[in-house]
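Worksheet for the structure shown next.
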Amino acid sequence: MAQHGFISVGFVFAGLLIFGAVAPFEMIYPIQVLSLAGLIAIQAVGLNLLIGSTGQISLGQVGFAAIGAYLSGGLLKMEHWPFELAFVCGSMVAALTGVVVGFSALRLRGQYLAMATLAFGGIVFGLVYELEITGGPLGMLRIPPMSIFGYRLLSPQDKFLAIWLVAAIVTAAMLSLLWSRIGRALAAIRDDEVAAAALGINVARYKISIFVIAAALSGISGAMYASYLGGIAPSRFGLNESIALLVVVTVGGLGSIPGTIVAAVLLTALPEFMRQYEIYRPTAYAAALVLLIVLFPGGLGQVLAWADRYIVAACRLLPIRLRTRPDALGAS
Amino acid sequence: MTAAAEQVVIRCVGVSRQFGGLRALANVSFEVARDTITALIGPNGAGKTTLFNLISGLDRADAGRIEVHGQAIDGMQAHAIVHSLRLVRTFQSARLYSKLTVADNVRLGRHVRSRSGFLSSTLKLPAARREERDITGQAMRWLDFVGLGHRANAVAGTLSYGDQRLVEIARALATEPRCLLLDEPGAGLNAQETNALANLIRAIRALPMTVLLIEHKMDMVMAISDQVTVLNFGEVIASGSPGAVQRDARVIEAYLGKGEHHSGSD
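Line order of the protein sequences matches chains A and B. First residue of the first sequence? That's 357 in this note's numbering, and the numbers climb one at a time after it. First residue of the second sequence? That's 9 in this note's numbering, and the numbers climb one at a time after it.
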């Protein structure tokens with residue numbers, strides 16, 4: 357299924373990447389905040405695919421990010437692997453863990469799946485907290501930075517660009533996947549599993565596959581996170597972080613990848629811009645969340661879908677021909 | 009043996025299914041011959057839909073054996089039955105994806121006959137593009153077959169009830185089955201629509217296709233069926249040509265109750 361809002365989110369990505377490329381050094385603070393937003397966006401896209409496309413919930417999603425982060429960080433720091441290899445290895449092991457968890461998830465539904473994934477997150481947290489090799493509660497420090505073909509990404513701008521480039525590729529890939537026979541099958545599974553199976557769609561296979569993709573995206577995000585910060589600790593991968601991801605997905609709109617991206621940016625930036633309100637910050641943040649959900653019950657994806665319609669309408673007025681398939685912006 | 013097996017598309021032998029204390033099917037045996045229309049009739053609660061669920065792999069029998077094209081289906085999952093045994097079913101309440109377009113609903117039927125994986129679908133490789141064009145072409149072909157080609161871009165939920173049933177049939181046909189199970193396709197249709205449906209089912213048989221049909225509209229059943237099997241309280245009480253079944257004393261009793269009666273017309 358074509359995702360509404362894919363044109364608008366393209367503009368969002370273009371804006372972010374241009375901002376990262378031209379921002380002066382004094383803008384370092386917003387660049388850092390938005391870098392973290394990019395890492396959250398990568399994970400949230402995976403979680404939204406999981407919840408929005410196959411109806412599977414995960415309350416321990418950052419467990420996969422922890423696997424990616426600690427494995428990649430450890431290989432970089434202790435084994436001195438090149439970043440590319442450590443990154444791929446961390447993401448792959450997170451994905452493989454996703455196979456195991458996804459397979460178990462097949463038998464569970466709703467609150468039972470929520471509990472099982474909560475337990476998974478707890479187990480990973482417990483392991484990195486207790487093990488010696490992960491540095492225990494203090495975590496792992498002095499993790500080497502990201503690098504690509506020997507070029508070390510040291511400046512905040514470079515890191516920002518790398519993160520958002522990955523986020524853009526992930527988003528484009530997932531939008532393309534959803535706009536295919538597989539996306540159609542996922543929509544069918546989400547709306548009516550029995551009818552999907554009766555049409556010959558292998559429901560179990562797709563549910564596991566999406567679990568693996570979501571786990572891989574968390575792993576990718578985690579591996580970049582470890583090198584981005586240069587240090588990680590168990591507290592970065594707790595239940596709160598998994599819940600925060602769930603909030604991003606909800607505010608973005610279940611099933612809307614474009615909405616997820618904008619929600620990740622907004623919800624990461626919002627608390628930072630509220631710093632001046634000090635003690636009222638948590639209250640103001642909560643109020644903003646409630647307001648967003650009340651105003652846009654369909655999520656921010658809804659807003660982007662409207663924006664897309666205006667863009668398409670505007671292009672019809674101007675002598676610009678958008679090459680869209682009839683179902684691209686239709687009712688489907 | 010093989011020749012006989014090829015003539016019999018579905019064979020149930022002593023099939024039983026119990027839900028707690030309720031005996032939904034008891035020792036049901038019957039056969040569906042190739043390229044015929046076989047109707048499964050019986051009062052509400054006779055176990056017709058339960059039998060469909062067993063044959064299509066959505067439920068498992070407690071005892072007995074179900075064969076499709078001579079192959080036992082026990083343990084096969086629903087999607088594998090559609091894929092390998094080429095048997096597909098529709099539902100009593102048309103289970104369309106009401107938020108998707110009519111065309112997308114029928115495209116979903118092509119899923120099982122297409123194979124582009126995650127990578128080629130994401131990268132939109134030439135093979136995936138070609139396959140997607142084929143999916144659309146086939147979907148349109150079957151929509152035209154049921155006479156709804158002009159509604160392809162409509163949202164499925166906005167179609168009339170009768171048209172939704174037709175889309176569901178088109179979607180099932182798009183899976184390229186050799187055997188089609190229709191669960192009360194005539195329910196809720198007016199006289200004109202019922203007539204058109206009868207003609208459509210005949211056209212489906214001529215494809216050729218084996219059709220097994222649950223239906224309450226007796227006029228239609230008697231007009232189009234080659235064979236009728238009657239279920240009552242989970243048991244087969246009669247099986248034969250429409251005329252013979254209509255004259256069967258047990259069938260008349262099941263439908264009209266014991267007492268005075270002269271004919272079995274519904």
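By construction, the Cβ of each residue, glycine as well, lies at the ideal position given by its N, Cα and C atoms.
Compare the Cα-Cα distances from residue i to each of the options and report the closest residue.
i: A:S409; options: A:I538, A:L392, A:I384 and A:L674; result: A:I538
i: A:G366; options: A:A670, A:L660, A:R672 and A:Y666; result: A:L660
i: A:S598; options: A:A451, A:V449 and A:Q399; result: A:Q399
i: B:T57; options: B:L189, B:Q254, B:R213 and B:A199; result: B:L189
i: B:D112; options: B:M148, B:A41 and B:H87; result: B:M148
i: A:M580; options: A:V559, A:S447 and A:E382; result: A:S447
i: A:W535; options: A:V646, A:I374, A:S612 and A:A450; result: A:S612
i: A:M530; options: A:I499, A:L573, A:M502 and A:V550; result: A:L573
i: B:L220; options: B:A257, B:D191 and B:K107; result: B:D191
i: A:P653; options: A:F629, A:Y636, A:V605 and A:L673; result: A:V605
i: A:A393; options: A:A379, A:I413, A:E382 and A:F369; result: A:F369
i: B:S233; options: B:L239, B:N240 and B:E223; result: B:E223
i: A:I564; options: A:L645, A:Q412 and A:S591; result: A:Q412
i: A:L626; options: A:V444, A:Y641 and A:I504; result: A:Y641
i: B:A102; options: B:Q26, B:I212 and B:Y169; result: B:Y169
i: A:R592; options: A:L395, A:F362 and A:A379; result: A:L395
Ignore the nearest five residues each way along the sequence and tell me which others in residue i's own chain have a CB closer than 7 Å to its CB.
i: B:T202; result: G194, K225 and M228
i: A:L656; result: V607, G608, G609, G615, V618 and A619
i: A:T453; result: F420, I423 and A571
i: B:A214; result: none
i: A:V568; result: A451, G454, V455 and G458
Pick helix, strand or coil for residue i, following the three-state DSSP scheme.
i: B:V23; result: strand
i: B:G72; result: strand
i: B:D274; result: Model confidence at B:D274 stands at a pLDDT of 43, short of 50, so the residue's coordinates are unreliable; what they give is reported in the following sentence. Of the three classes helix, strand and coil, the one that applies to B:D274 here is coil, per DSSP.
i: B:R213; result: helix
i: A:E488; result: coil
i: B:I260; result: helix
i: B:T218; result: strand
i: B:Q79; result: strand
i: B:E201; result: helix
i: B:T109; result: strand
i: B:S64; result: coil
i: A:L494; result: helix
i: A:E634; result: helix
i: B:I232; result: helix
i: B:G248; result: strand
i: A:R465; result: coil
i: B:T46; result: strand
i: B:R103; result: coil
i: B:L59; result: helix
i: A:I667; result: helix
i: A:I407; result: helix
i: A:L674; result: coil
i: A:I479; result: helix
i: A:I576; result: helix
Please return the same chain residues whose Cβ sits closer than 6 Å to the Cβ of residue i, not counting the five positions on each side in sequence.
i: B:G242; result: R31, A32, L33, A34 and G55
i: B:G117; result: R179, A182 and T183
i: A:S364; result: L660, A663 and D664
i: B:L48; result: K56, I222 and T237
Which two residues bound the contiguous alpha helix (DSSP H) that contains residue i?
i: A:I396; result: I384 to N404
i: A:E597; result: L595 to G608
i: A:G376; result: F362 to V378
i: A:L645; result: R637 to L651
Assuming residue i is part of the beta strand (DSSP E), what are its boundary residues?
i: B:V236; result: Q235 to N240
i: B:E39; result: L30 to A41
i: B:R159; result: First-last for B:R159: undefined, no H or E at that position.
i: A:A620; result: Not the beta strand (DSSP E): A:A620 falls in the alpha helix (DSSP H), residues I613 to F629.
i: B:S92; result: Run containing B:S92: none in the beta strand (DSSP E); it sits in the alpha helix (DSSP H), A86 to S92.
i: A:I588; result: Neither: A:I588 is in no beta strand (DSSP E) and is coded neither H nor E.
i: B:W97; result: The displayed chain sequence assigns Arg, not Trp, to residue 97 of chain B. Residues L95 to R97.
Determine, for residue i, whether the minimum Cβ-Cβ distance to residues of chain D falls below 8 Å.
i: A:V559; result: In the structure shown, chain D does not exist; the protein chains are A and B.
- Starting from the N-terminal side, write out each stretch of the alpha helix (DSSP H) that is 4 residues or longer and does not extend beyond the segment 416-450 of chain A. 418-434
- Query: Which ranges would you report for the alpha helix (DSSP H) in the segment 500-573 of chain A if only whole runs of at least 4 residues count?
  - Reply: 512-534, 537-547 and 549-554
- Message: Which runs of the alpha helix (DSSP H) at least 4 residues long sit entirely within the segment 111-188 of chain B? Give them in chain order.
- Response: 126-131, 134-153 and 169-182
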